[in-house]
Amino acid sequence: MVNMLIASAQNLIVIETNIIKKNCLNLKCKGFNAVCLNVRHILSKFDELKNIITINNKYLDLFGLVETFLKPDINNEQCKVPGYKIFRKDRQCKDGGGLLVYVKDSIAVKNRSDLSINTLETLWLEVEFPKSKPFFICTIYRPPNSPQSWIDLFEEEFNAALSENKEIILMGDFNIDLIKIENKKWINFINNFNLQQQICTATRICDKSETLIDHIYTTNPENIVHCHVPSYALSDHYPVCLNRKINIKIKKRKSYRNKV
């Protein structure tokens with residue numbers, strides 16, 4: 001009898017755990033769903049990550065990971081998830097850092113590495129749905145204590161993308177706490193380009209602090225249905241999630257920088 005009770009309790013734990021994992025991203029059933037997470041070492045958490053992606057693969061279209069800690073000698077087979085293409089940008093000079101983006105096989109996507117500056121950890125992708133204008137989605141990691149020149153370099157990338165008159169979505173760990181509004185130069189950047197920040201709750205919660213350092217920005221907020229921060233994480237960061245309309249016929253939009 002005792003063994004039966006223990007077995008039943010274990011089964012309940014497994015069921016509850018599966019429910020938590022199944023619903024942990026809270027993705028919408030319609031539209032384009034993108035998620036970004038600072039994973040802090042992908043290989044050490046790969047089994048759980050793969051499980052989350054597989055369980056949510058019906059709705060999960062794109063999953064961007066920052067701080068993967070991958071090096072060029074680690075091939076894609078070691079972090080492959082069935083049903084998804086892999087795009088990577090590994091850090092070359094030092095340990096840590098690195099970007100990896102999973103995109104569902106059924107989605108038409110191009111790696112726009114021509115937009116990226118080698119010294120920045122940015123990964124630009126161009127996504128296109130049938131009968132709809134393509135748009136950019138850029139996964140970003142800005143290391144802590146980056147010099148102010150990081151913003152100047154990123155502005156070069158952003159201007160190059162903006163010149164193509166396509167919608168732009170930026171997501172990642174910027175290490176700029178928007179609760180404190182601590183980086184005026186960055187605030188000026190997003191204001192100058194009319195970027196709309198979509199995340200309004202803390203994304204990294206520690207014993208003594210709560211910070212909003214994982215952001216999602218868009219040039220076209222009218223195309224965003226919903227953004228949220230699930231209370232689930234594989235690291236000390238929560239993921240940020242975006243749901244965007246698809247099959248949008250976007251009219252030609254004049255892009256310009258605000259005069260200040």
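FYI, in UniProt numbering the residues of the sequence shown are 1 to 260. C-beta: ideal position from N, C-alpha, C; glycine also. Keep in mind the model is a prediction, meaning the values are calculated, not measured.
Query                                                                                                                                                                       : Result
For Lys185, which residues from the same chain have a beta carbon less than 8 angstroms from its beta carbon, with the 5 sequence-adjacent residues on both sides left out? : Gln148 and Ile151
Can you tell me which of the three DSSP states Ala161 falls into?                                                                                                           : helix
Within 8 angstroms, do at least three Cβ pairs link the segment 229-245 to the segment 28-41?                                                                               : yes
Tell me whether the beta-carbon of Ile53 lies closer than 8 angstroms to the beta-carbon of Leu60.                                                                          : yes
Measuring straight from C-alpha to C-alpha, what distance separates Phe129 and Ile107?                                                                                      : 7 angstroms
Do Gly172 and Thr218 count as a contact pair if the criterion is CB distance below 8 angstroms?                                                                             : no
Could you tell me which whole alpha helix (DSSP H) segments of length 4 or greater appear in the UniProt domain "Endonuclease/exonuclease/phosphatase" (136-240)?           : 149-162 and 184-192
Based on Cα-Cα distance, which residue from Phe32, Leu65, Lys58 and Leu27 lies nearest to Lys45?                                                                            : Leu65
Going straight from the alpha carbon of Val81 to that of Gln196, what length do you get?                                                                                    : 32 angstroms
Between Asn76, Ser116 and Ser132, which lies nearest to Asn247 when the distance is taken from Cα to Cα?                                                                    : Ser132
One question on the structure: do Gly98 and Leu70 come within less than 8 angstroms of each other, judged by their Cβ atoms?                                                : yes
Return helix, strand or coil for Thr68, following the three-state DSSP convention.                                                                                          : coil
Which residue from Glu48, Lys208, Glu155 and Cys36 puts its Cα closest to that of Tyr102?                                                                                   : Cys36
Taking Asn57 and Leu27 to be in contact with their CB atoms under 8 angstroms, please state how far apart those CB atoms are, rounded to whole angstroms.                   : Their Cβ separation, rounded to whole angstroms, is 10 angstroms, which puts Asn57 and Leu27 out of contact at 8 angstroms.
What are the residues that DSSP puts in a beta bridge with Lys104?                                                                                                          : Tyr84
Could you tell me whether the Cβ atoms of Asn243 and Asn75 are closer together than 8 angstroms?                                                                            : no
How is the alpha helix (DSSP H) around residue 275 delimited, first residue to last?                                                                                        : In the structure as shown, the chain begins at 1 and stops at 260. Residue 275 is therefore absent and cannot be evaluated.
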